[in-house]
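Student:
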Amino acid sequence: MNRIFIVSFLILNSLLTLSCKDEKKEVVRKDDQTKRLEIASYPFPPDNVPTSERILLGKTLFFDPIVSGSNWISCASCHNPGLAWTDGLKTAVGHNMKILGKNTPTILNGAYGNKMFWDGRADNLEEQALGPITSPDEMNQNMEELILELKNIPGYKNLFSKAYPSEEISAATIGKAIASFERTIFSTESAFDRWKKGDKAALSESAQRGFTVFNGKANCSSCHQGEQFSDNGFHNIGLKNAVKEVGRFKIVPVKSMKGAFKTPGLRDVALTGPYMHDGSYTTLEEVIEHYDRGGDEKNNLDPNMLALKLTDQEKTDLVEFMKSLSGKRVSITIPEFPR
């Protein structure tokens with residue numbers, strides 16, 4: 001049984017996760033069970049205001065393997081809701097079972113990010129959504145053929161006309177629809193969040209100590225900061241072969257960006273392994289050991305990468321803190337695919 005089939009099987013048989021946030025802007029959103037008014041706090045571009053129709057279209061395209069050239073791979077093949085919107089693999093598997101070079105990042109809380117992909121080559125979710133679809137190594141789809149195929153399916157024509165009534169089915173509307181759905185994918189309230197709100201029993205003493213180490217001796221918060229625990233920046237953290245892989249330097253050719261990759265957020269981090277852009281670490285304990293020794297490859301290392309000399313207890317406490325950032329799972333229904 002091949003690996004993509006296994007991932008697809010998990011999508012259909014796992015308890016899938018999705019959550020919502022409070023909104024500032026009134027937006028009507030429709031899920032599979034009900035239509036309700038929500039108040040969203042997430043940002044969105046002015047030319048792609050979220051509506052229930054756009055989110056439903058994007059959700060359908062996200063799960064439908066029609067977007068791949070083989071009609072076998074969907075966005076959810078790598079971003080599986082049952083696996084915290086990742087694939088659980090060291091590095092992704094693409095078209096014709098090709099093993100790719102990068103670990104699949106979660107799309108949780110993507111609405112709050114910018115400069116998508118490990119090297120930041122996409123400026124927003126709309127661009128990010130289209131990248132894998134047309135990549136020969138990933139989904140290997142011919143965009144013109146996909147547009148024609150969607151135009152010839154009455155159900156999709158109806159979904160697009162409701163979502164973008166003044167626009168044709170195009171690469172732009174495909175990207176905007178998928179991005180609209182991706183912006184609704186959030187992590188839920190964690191034990192750490194409840195503790196911050198005043199529930200002193202929500203966080204173990206070990207996790208509380210870990211939070212102190214995180215912000216102090218370990219200096220994790222120099223990069224992992226804010227509500228999403230990411231500065232949305234790019235850093236060379238001393239992974240083996242990082243400089244050879246170039247990283248952000250390919251997009252921004254300045255010396256400090258050679259071997260630099262995007263800082264991932266830490267929400268649900270205990271559920272999103274393997275870790276690092278190359279999937280080189282399987283556990284959070286291994287990640288902490290990497291930082292504790294100040295990285296491996298010292299060439300062009302970020303100035304914040306210093307040996308930490310953490311005690312065993314401090315390492316344990318850090319792991320407990322990171323585990324406290326996981327939220328509860330909420331089920332999501334995969335939509336029917338128009339044909």
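Numbering (UniProt numbering), first residue to last: 1 to 339. We put the beta carbon where it would ideally sit given N, CA and C, even for glycine. All figures in this text were calculated on a predicted structure; none of them were measured in a lab.
Which of helix, strand or coil does DSSP assign to residue 174?
Tutor: In the structure shown, residue 174 sits in a helix (DSSP, three-state: H, G or I).
Student: With 16 as the cutoff for other CB atoms within 10 Å, does residue 242 come out buried or exposed?
Tutor: Residue 242 is buried by the Cβ-count criterion.
Student: Identify, in the order they occur along the chain, each residue of the same chain with its Cβ nearer than 6 Å to the Cβ of residue 247, setting aside the five sequence neighbours on each side.
Tutor: Cβ neighbours of residue 247 beyond the five flanking positions: 119, 259, 260 and 261.
Student: Under DSSP, the alpha helix (DSSP H) around residue 160 begins and ends at which residues?
Tutor: Note, residue 160: alpha helix (DSSP H), 154 to 163.
Student: Apart from the five residues on each side of it in sequence, which residues of its chain come closer than 8 Å, Cβ to Cβ, to residue 146?
Tutor: Excluding positions up to five away in sequence, the list reads 66, 67, 133 and 174.
Student: Answer yes if the segment 314 to 328 comes into contact with the segment 200 to 213, meaning at least three C-beta pairs across the two stretches below 8 Å, and no otherwise.
Tutor: The segment 200 to 213 vs the segment 314 to 328: in contact.
Student: From the DSSP output, in three-state form, read off residue 257 for me.
Tutor: DSSP places residue 257 in helix when its eight states are reduced to three.
Student: Does the segment 45 to 57 come into contact with the segment 71 to 80, if we say contact requires no fewer than three beta-carbon pairs (one atom in each stretch) closer than 8 Å?
Tutor: At 8 Å Cβ cutoff, the stretches do not touch.
Student: Are the Cβ atoms of residue 108 and residue 171 separated by less than 8 Å?
Tutor: No. Outside cutoff.
Student: Pick helix, strand or coil for residue 35, following the three-state DSSP scheme.
Tutor: Residue placement at residue 35 is flagged as unreliable, the pLDDT there being 31, under the threshold of 50; the coordinate-derived value follows with that caveat. Of the three classes helix, strand and coil, the one that applies to residue 35 here is strand, per DSSP.
Student: Could you spell out the range, first to last residue, of the alpha helix (DSSP H) harbouring residue 212?
Tutor: Residues 205 to 215.
Student: Tell me whether residue 235 sits in a helix, a strand or coil according to DSSP, three-state version.
Tutor: Correct three-state label for residue 235: strand.
Student: Taking DSSP as the reference, what is the three-state secondary structure of residue 275?
Tutor: Residue state, collapsed to three classes: strand.
Student: Of the residues 298, 202, 277 and 269, which one's Cα is nearest the Cα of residue 285?
Tutor: When only C-alpha atoms are compared, the closest one is 269.
Student: Using CA atoms only, rank isn't needed, just tell me which of 288, 321 and 319 is closest to residue 305.
Tutor: When only C-alpha atoms are compared, the closest one is 288.
Student: Identify, in the order they occur along the chain, each residue of the same chain with its Cβ nearer than 8 Å to the Cβ of residue 21, setting aside the five sequence neighbours on each side.
Tutor: Residue placement at residue 21 is flagged as unreliable, the pLDDT there being 33, under the threshold of 50; the coordinate-derived value follows with that caveat. Counting only Cβ-Cβ distances below 8 Å, and skipping sequence neighbours, we find 40, 41, 42 and 186.
Student: Report yes if the CB atom of residue 62 is closer than 8 Å to the CB atom of residue 76, and no otherwise.
Tutor: Taking 8 Å as the Cβ cut-off, residue 62 and residue 76 qualify as a contacting pair.
Student: Have a look at 309, 251 and 188 and flag the residue whose alpha-carbon is nearest the alpha-carbon of residue 328.
Tutor: Checking every option, the nearest Cα to that of residue 328 belongs to 188.
Student: Work out the CA separation of residue 124 and residue 161 for me, nearest whole Å.
Tutor: Roughly 24 Å separates the two Cα atoms.
Student: Just to confirm before moving on: does the CB-CB distance between residue 232 and residue 113 stay below 8 Å?
Tutor: A contact, by the Cβ cut-off of 8 Å.
Student: Below 6 Å CB to CB, which residues in the same chain sit around residue 334 once its five sequence neighbours on both sides are set aside?
Tutor: Cβ within range, chain order: 63.
Student: Distance, Cα to Cα, residue 183 vs residue 266?
Tutor: C-alpha separation (whole angstroms): 17 Å.
Student: Can you say whether residue 115 is buried or exposed, counting buried as having 16 or more other CB atoms within 10 angstroms of its CB?
Tutor: The residue in question, residue 115, is buried, as its Cβ has 16 or more Cβ neighbours within 10 Å.
Student: What is the rounded straight-line gap between the Cα of residue 155 and the Cα of residue 177?
Tutor: If I take the Cα positions, the gap works out to 15 Å.
Student: Quick check on residue 254: buried or exposed, where buried means 16 or more other Cβ atoms within 10 Å of its Cβ?
Tutor: Burial call: exposed.
Student: Assign residue 112 to one of three DSSP states: helix, strand, or coil.
Tutor: Three-state DSSP puts residue 112 in a helix.
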